[in-house]
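Line order of the protein sequences matches chains A and B. Going by the working numbering, the first sequence opens with residue 1, and the numbers climb by one from there. Going by the working numbering, the second sequence opens with residue 403, and the numbers climb by one from there. Glycine residues also receive a C-beta, built at the ideal position from the N, C-alpha and C atoms. Data first, discussion second: the structure below is written as structure tokens.
Number of protein chains: 2
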Amino acid sequence: MTIIDSLVKTNNTKIIMLVLDGLGGLPNDFNGKTELEQAVTPHLDNIAKEGVLGQVIPVQTGVTPGSGPAHLALFGYDPLNVDIGRGILEAYGVGMQVREKDVAIRGNFCTVDKNGIVTDRRAGRITDEMAKPLVKLLAEIKIDGLSIDIRHVNQYRFAMVLRGDGLSANLDDTDPQEIGVRTLDPKPNSESAKHTADLIKKWIVEARQVLGGYENANMVTLRGYSHNPGLKSFGERYQLSAGCVAVYPMYRGIARLVGMETIEFDGVSPVDQFSTGKRVINSNDYDFLFVHVKQTDSYGEDGNYDKKVNAIEEVDKAISTLMQANPDVLVVTGDHSTPSRMQAHSWHPVPFLLWAPETVRQDQANQFGETECLSGGLGTMHAKDIMSMILAHSGRLKKYGA
Amino acid sequence: MTIIDSLVKTNNTKIIMLVLDGLGGLPNDFNGKTELEQAVTPHLDNIAKEGVLGQVIPVQTGVTPGSGPAHLALFGYDPLNVDIGRGILEAYGVGMQVREKDVAIRGNFCTVDKNGIVTDRRAGRITDEMAKPLVKLLAEIKIDGLSIDIRHVNQYRFAMVLRGDGLSANLDDTDPQEIGVRTLDPKPNSESAKHTADLIKKWIVEARQVLGGYENANMVTLRGYSHNPGLKSFGERYQLSAGCVAVYPMYRGIARLVGMETIEFDGVSPVDQFSTGKRVINSNDYDFLFVHVKQTDSYGEDGNYDKKVNAIEEVDKAISTLMQANPDVLVVTGDHSTPSRMQAHSWHPVPFLLWAPETVRQDQANQFGETECLSGGLGTMHAKDIMSMILAHSGRLKKYGA
């Protein structure tokens with residue numbers, strides 16, 4: 001319970017949070033502009049003119065976040081106080097239920113040679129079509145003392161949820177993170193985790209047998225064991241009916257984990273997502289919409305400056321559709337930076353744009369980009385405070401004290 | 403005990419904190435300037451040139467504060483850790499004493515019809531002259547187990563302090579916050595508050611009888627029940643002899659609550675206040691002066707952009723008088739923003755000006771206004787850190803560590 005939660009009140013405003021994953025960037029040397037600055041974004045620039053800019057520290061100065069903590073922070077959960085394992089994100093992403101004492105696990109198919117030495121950690125990135133029947137085989141494994149739910153995620157990835165008495169998530173990953181060595185045991189890190197480790201070991205032995213005859217995906221690795229942290233839901237905290245428009249399972253998972261509804265839609269492009277957003281906001285299904293665009297991060301991770309620029313431009317071209325939802329508050333930001341030059345997430349502050357015609361104190365900004373964000377009217381904020389700003393600008397916070 | 407308190411040392415410097423209530427604003431559409439930016443303020447601009455600017459977050463990102471927490475923060479008390487009820491502010495404002503186990507209450511006269519239905523929550527905003535004799539009637543009510551002190555505040559408002567064994571402040575307001583319904587009971591929110599609720603109910607019955615014959619102010623509502631939070635005094639914390647020049651009871655109340663002396667003076671205008679400030683500083687009565695100007699907030703609350711501009715200009719015209727006090731440090735800021743466009747307090751950061759010729763690191767600012775404050779040399783601060791800045795610039799903080 002934060003001070004913010006205690007001040008929440010309701011009204012009829014509509015809020016859209018557009019997260020361009022890994023939005024923040026770095027210049028390539030030749031032109032001194034970040035991907036966002038290089039992108040031709042007349043519509044976002046106009047929105048920036050009418051709104052106010054700032055920059056956001058995802059977790060803490062110098063800390064590079066994963067997608068889980070980065071999104072939790074955007075939703076107003078202090079990522080340093082919430083422990084979200086990769087397993088639960090994966091499980092929620094494919095619609096599984098995880099209760100507080102369950103253990104959720106992320107699984108990967110991998111390839112081992114006849115001596116059990118890992119030769120490909122991602123099983124040759126097998127297709128969904130190849131992986132799905134294998135997941136069905138795994139689903140038939142029975143271990144005494146465990147109820148096991150297992151689902152395919154995509155390619156070589158699957159999610160598992162274990163249910164049983166006295167389960168612990170305090171175990172080591174079995175993924176050795178390198179090839180040329182054997183997969184690891186799920187080593188228990190506490191006395192109370194030994195029982196779970198034994199059960200999982202049994203399951204792995206069975207899995208190896210079931211998959212043994214296959215060429216590529218003949219073994220599994222497990223990681224990100226996690227319980228459900230039992231977060232107070234987004235809707236309960238903020239009195240918002242919240243929906244999520246995201247393509248990728250993991251982001252749908254984070255949204256579901258905080259209690260948002262995930263909205264089904266056709267297509268994968270920003271324009272498909274924004275049309276969906278416009279439709280559900282205009283039909284009053286939701287008063288808060290989280291829209292997640294993945295491409296910016298993917299191209300950043302690939303080290304592809306030009307394609308990241310293009311991905312931003314594609315968002316810009318489509319954004320008028322989203323604006324037709326007539327939100328009272330629109331936020332455009334990222335969960336973290338993914339500079340294409342670094343081919344990885346980074347700690348650099350993330351550009352932030354807040355548009356709220358009724359309540360915003362405008363600044364001098366003319367363009368949505370890192371440099372203008374640096375001198376923007378909102379200054380430098382922590383991601384976990386963004387929801388306060390959004391609620392304030394939508395008139396959804398009571399005054400504090402007399 | 404903060405780190406600051408432990409570093410305090412004394413010297414002969416004089417400090418003035420000028421609080422223009424609700425100073426921060428928003429532009430009206432037509433010109434893009436806030437009230438402060440629109441105001442012609444050559445003297446403040448000169449002081450800004452010689453000093454340094456910044457902006458202040460009153461409580462926390464996105465949080466709109468009431469006057470109580472906002473002023474506590476300016477005085478260096480973390481408003482999230484101190485619970486100050488409206489009752490105690492009202493009581494202190496009119497010079498009443500409230501001990502730790504007493505219960506202070508804010509009372510309003512209201513009008514009810516013959517069935518007890520509220521028809522006017524403010525008793526037609528009766529005048530002081532009409533209200534004072536009614537307060538005298540209320541003062542004659544005796545309830546076994548209670549010692550009651552009651553005083554008129556202004557118009558329809560009065561303050562009460564209850565003294566007795568086992569009193570609790572954990573009660574609901576009796577003000578229904580709307581007309582057309584009956585006043586509420588002081589519902590106890592804990593077992594230990596039942597006794598107090600019973601006593602107050604008895605008092606309300608008596609009050610209704612005493613006032614029954616009057617046309618307008620024939621009933622009362624009570625709210626803001628509060629104990630004295632027992633704050634360590636401002637003078638003790640900072641080794642400052644502190645005085646307050648304020649017209650409105652509530653701000654005098656906050657000042658007294660932290661242990662400042664309230665200075666009596668004739669008149670209500672900024673020039674009256676600044677002359678008083680000049681006199682008491684020059685006569686060495688105080689080394690810290692809190693000067694509170696209310697008009698900026700009042701016009702903001704009224705939604706009157708032009709009059710708020712005028713109120714700021716009036717301060718500007720008078721400020722040379724205050725400068726004749728020859729302070730070593732002058733701070734000009736607000737407790738919060740009150741944009742006339744919003745007709746209410748808001749969360750927007752507040753302009754901040756620090757003038758301290760001996761110690762300031764100047765910035766490039768030429769004008770005292772939100773936009774220049776945004777890029778001011780002090781950056782963005784939390785209000786609770788202002789006292790550190792003031793003490794530092796007045797040479798009143800020892801070095802931390804060897």
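Limits of the alpha helix (DSSP H) - the one that residue i falls within
i: B/Val612; result: Lys596 to Leu613
i: A/Thr276; result: Pro270 to Asn282
i: B/Asn712; result: Tyr707 to Met725
i: A/Thr296; result: Gln295 to Asp302
i: B/Val376; result: What the structure shows of chain B is the stretch from 403 to 804, and residue 376 of chain B is not part of that stretch, so it cannot be assessed.
i: A/Arg254; result: Note that residue 254 of chain A is Ile in the sequence shown, not Arg. Start and end: Pro249 to Leu257.
i: B/Leu491; result: Arg488 to Gly495
Proximity test, residue i beta-carbon vs the ligand FMN heavy atom, cut-off 7 Å
i: A/Thr41; result: Of the ligands one can find in the structure shown there are none, so the ligand FMN has no counterpart to examine.
Spatially closest choice to residue i from the options, by CA coordinates
i: B/Asn448; options: B/Leu659, B/Met725 and B/Tyr653; result: B/Met725
i: A/Tyr156; options: A/Leu378, A/Glu37, A/Val220 and A/Ile16; result: A/Val220
i: A/Glu264; options: A/Ile254, A/Val258 and A/Thr276; result: A/Thr276
i: A/Gly95; options: A/Leu354, A/Ile254 and A/Gly334; result: A/Ile254
i: B/Gly626; options: B/Glu492, B/Asp600 and B/Gly803; result: B/Glu492
i: B/Ala599; options: B/Gln675, B/Leu455 and B/Leu586; result: B/Leu586
i: B/Lys603; options: B/Ile721, B/Met419 and B/Leu573; result: B/Leu573
i: A/Glu372; options: A/Gly243, A/Glu37, A/Gly25 and A/Gln295; result: A/Glu37
i: A/His292; options: A/Glu301, A/Ser269 and A/Tyr286; result: A/Ser269
i: A/Asp144; options: A/Arg99, A/Arg163 and A/Leu134; result: A/Arg163
i: A/Ser340; options: A/Thr13, A/Thr2, A/Gly22 and A/Ile148; result: A/Gly22
i: A/His71; options: A/Leu353, A/Ile84 and A/Lys278; result: A/Ile84
i: A/Val360; options: B/Thr576, B/Val442 and B/Gly426; result: B/Gly426
i: A/Glu35; options: A/Gly68, A/Gly401, A/Ala246 and A/Glu314; result: A/Glu314
i: A/Ser298; options: A/Ile179, A/Asp287 and A/Asn310; result: A/Asn310
i: A/Pro69; options: A/Trp355, A/Ser283, A/Leu257 and A/Gly267; result: A/Leu257
i: B/Val733; options: B/Ser408, B/Ile417, B/Ile405 and B/Asp407; result: B/Ile417
i: A/Gly93; options: A/Gly76, A/Phe158, A/Ile148 and A/Thr61; result: A/Phe158
i: B/Lys719; options: B/Leu624, B/Asp674, B/Val505 and B/Ile683; result: B/Asp674
i: B/Ile543; options: B/His597, B/Glu608, B/Val555 and B/Ile507; result: B/Glu608
N- and C-terminal bounds of the beta strand (DSSP E) containing residue i
i: A/Ala229; result: Sequence inspection shows Pro at residue 229 of chain A; the Ala mentioned does not correspond to that position. From DSSP, A/Pro229 is part of no beta strand (DSSP E); its letter is neither H nor E.
i: B/Thr463; result: No beta strand (DSSP E) holds B/Thr463; DSSP gives it neither H nor E.
i: B/Arg560; result: One detail in the question is off: residue 560 of chain B reads as Phe in this sequence, not Arg. B/Phe560 -> beta strand (DSSP E) spans Arg559 to Arg565.
i: A/Ser340; result: First-last for A/Ser340: undefined, no H or E at that position.
i: A/Met17; result: Ile15 to Leu20
i: A/Phe109; result: Val103 to Val112
i: A/Asp5; result: Here A/Asp5 belongs to no beta strand (DSSP E); instead the alpha helix (DSSP H) covers Ile3 to Leu7.
i: B/Asp522; result: Val520 to Asp522
i: A/Arg151; result: Ser147 to Asn154
i: A/Leu80; result: Run containing A/Leu80: none; DSSP gives neither H nor E here.
i: A/Gly243; result: Ala242 to Ala246
i: B/Leu573; result: Taken as a continuous stretch (DSSP letters only), B/Leu573 belongs to no beta strand (DSSP E), as it is neither H nor E.
Partner residues on chain B for residue i, Cβ-Cβ distance less than 7 Å
i: A/Tyr446; result: With chain A represented from 1 up to 402, any question about residue 446 of chain A goes unanswered, as that position is not in the structure.
Amino acids of chain A, ordered along the chain, whose beta-carbon sits closer than 9 Å to that of residue i
i: B/Val461; result: Ile3, Tyr400 and Gly401
i: B/Leu428; result: Thr359, Val360, Arg361 and Gln362
i: B/Glu777; result: Per the sequence shown, residue 777 of chain B should be read as Ser rather than Glu. The answer, in chain order, is Ser375.
Chain B contact residues for residue i, given Cβ-Cβ distances below 9 Å
i: A/Ala392; result: Thr463, Gly464, Val465, Thr466, Ser748, Trp749 and His750
i: A/Met389; result: Thr463, Gly464 and Trp749
i: A/Leu167; result: Ordered by position in chain B, no residue passes the 9 Å Cβ test against A/Leu167, which lies about 38 Å from the chain.
Contacts of residue i in chain A (Cβ-Cβ under 8 Å)
i: B/Thr782; result: Gly379 and Thr380
i: B/Met744; result: Thr359
Neighbour list for residue i in chain B, Cβ cutoff strictly below 8 Å
i: A/Leu397; result: Gly464, Val465, Thr466 and Trp749
i: A/Asp385; result: Gln462, Thr463 and Gly464
i: A/Leu354; result: Those do not exist, as A/Leu354 stays about 11 Å from chain B at its closest Cβ, beyond 8 Å.
Report task. Give, in chain order, every residue of the stretch 356–373 of chain A whose Cβ lies closer than 9 Å to some Cβ of chain B. Result -> Glu358, Thr359, Val360, Arg361, Gln362, Asp363 and Gln364
Report task. Please name the residues in the stretch 66–81 of chain A whose beta-carbon is closer than 8 Å to at least one beta-carbon of chain B, in chain order. Result -> If the cut-off is 8 Å between Cβ atoms, the stretch 66–81 of chain A has nothing near chain B.
Requested in this report: Could you name the residues of the stretch 483–515 of chain B whose beta carbon sits closer than 8 Å to any beta carbon of chain A, in the order they occur along the chain?
Outcome: Ile486, Gly487, Arg488 and Leu491
Query raised in the report: What residue ranges within the stretch 343–381 of chain A form continuous alpha helix (DSSP H) runs of no fewer than 4 residues, ordered along the chain?
Result: 370–374
Requested in this report: Note down, in chain order, all residues in the stretch 615–626 of chain B with a beta-carbon under 8 Å from any beta-carbon belonging to chain A.
Outcome: Gly626
Query raised in the report: For the stretch 7–19 of chain A, which residues have a CB atom closer than 9 Å to at least one CB atom of chain B, in sequence order?
Result: Leu7
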